[in-house]
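Enquirer: Okay, so the sequence shown: first residue is -19 according to our numbering, each after it adds one.
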Amino acid sequence: MSSIFYMIIITKREFEEAYLNFFRENDVHMVLSDLCRGTAQKKTLDYLGIEKTEKIMFHIFVDSNRREKILRNLVNQMEIEVAGNGIALTIPLESIGGESCLKYLTEGQEIGKKKGEKMENLKYSLIIVVADRGASETVMDAARSANAKGGTVVSAKETEVNAKERFFGVSIAEEKEMIYILAKKQEKDEIMSAIMTKAGIGTDANAAVFSVPVDRIAGLRSLMTD
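(1) Apply the 10 Å Cβ neighbour rule to residue 129 and answer buried if 16 or more other Cβ atoms are within range, or exposed otherwise.
(2) Under a Cβ-count criterion, where at least 16 other Cβ atoms within 10 Å of its own Cβ denotes burial, should residue 184 be classed as buried or exposed?
(3) Check for me: the beta strand (DSSP E) holding residue -5 runs from which residue to which?
(4) Do residue 122 and residue 179 have their CB atoms nearer than 8 Å?
(5) Closest by CA to residue 33, which one among 166, 41, 17 and 77?
(6) When DSSP labels each residue in this structure, what does residue 60 get in the three-state scheme?
(7) Identify whether residue 171 lies in helix, strand or coil by the three-state DSSP scheme.
(8) Name the DSSP beta bridge partners of residue 191, please?
(9) Pick out whichever of 6, 157, 38 and 61 has its Cα sitting closest to the Cα of residue -14.
(10) Just to check my reading of the structure: residue 159 and residue 192 have Cβ atoms closer than 8 Å, yes? What is that Cβ distance to the nearest angstrom?
(11) Below 8 Å CB to CB, which residues in the same chain sit around residue 13 once its five sequence neighbours on both sides are set aside?
(12) Using only alpha-carbon positions, find the residue among 195, 15 and 11 that is nearest to residue -7.
(13) Hey, would you say residue 7 sits closer than 8 Å to residue 89, going by beta carbons?
(14) Tell me the DSSP secondary structure of residue 43 in three-state form.
(15) Using DSSP's beta-bridge definition, name the partner residues of residue 155.
(16) Could you check the C-alpha separation between residue 11 and residue 116 for me, to the nearest Å?
(17) Check the DSSP bridge columns for residue 210 and list the partner residues they point to.
Below, the structure written as structure tokens:
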């Protein structure tokens, strides 16, 4: 199977329709989205010329060739490298559940045969934190203490069968926040350690943290110009 990538694009919510048109023009028809918000501090906002706005997160799946084309078009057409316009990243998938699943995720795309980079050559990591609702600032304070640049928060719900809170014997979904933090690979361990120490399981934030490899990025001045 050719290399398939999970691409995340985070941008201003007001750009939603423009991005949906952009995806159609690039033959990407399977698009998922979440409403979210940024966590950048005022001094960072001022430095980058960004206004603190509501965000939208798009999720798409592409092969190696289309990944390069879309990243290039995000820069040239959508001007994602302009301060405040957003960020895009791609994550290599290890496997996909069968040919029918591949066709569903990549509807309308001609899948090429080009392979992706080896994991050891990847330069970035996406740190994902699952924390109690309202704890995102605590998590980000911990992350910033280890030089994290900022993050994106998505509201979520814990729907575990054995959820602690019950109402008349019926499980109630517990409100959570998922915080996405893009970091250079060499900074990942320090950021994760700071989060676990200051906001981890057993603290008020009760945060769980993990990371996935990222092989390409565009936007946010390419993570502050590396």
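Where a beta carbon is used, it is the ideal one built from N, C-alpha and C, also for glycine.
Expert: Taking the geometry as given:
(1) Around the Cβ of residue 129, a 10 Å sphere holds 16 or more other Cβ atoms; the residue is buried.
(2) Its Cβ having fewer than 16 others within 10 Å, residue 184 is exposed.
(3) Under the DSSP assignment, residue -5 falls outside any beta strand (DSSP E); it carries neither an H nor an E label.
(4) Yes, the Cβ-Cβ distance between residue 122 and residue 179 is below 8 Å.
(5) With distances taken between Cα atoms, residue 33 lies closest to 17.
(6) Three-state result, residue 60: coil.
(7) In the structure shown, residue 171 sits in a helix (DSSP, three-state: H, G or I).
(8) Residue pairing by DSSP puts residue 191 in a beta bridge opposite 107.
(9) Per the Cα distances, 38.
(10) A Cβ-Cβ separation of about 14 Å leaves residue 159 out of contact with residue 192 under the 8 Å criterion.
(11) The beta carbon of residue 13 is closer than 8 Å to those of -4, 36, 37, 38 and 39 in its chain, skipping five residues each way along the sequence.
(12) Residue 15 holds the alpha-carbon nearest to the alpha-carbon of residue -7 among 195, 15 and 11.
(13) Yes, they are a contact pair.
(14) In this structure, residue 43 counts as strand in the three-state DSSP scheme.
(15) DSSP output for residue 155 lists 137 as bridge partner(s).
(16) When rounded, the distance between both Cα atoms is 26 Å.
(17) With the chain covering only -19 through 206, there is no way to say anything about residue 210.
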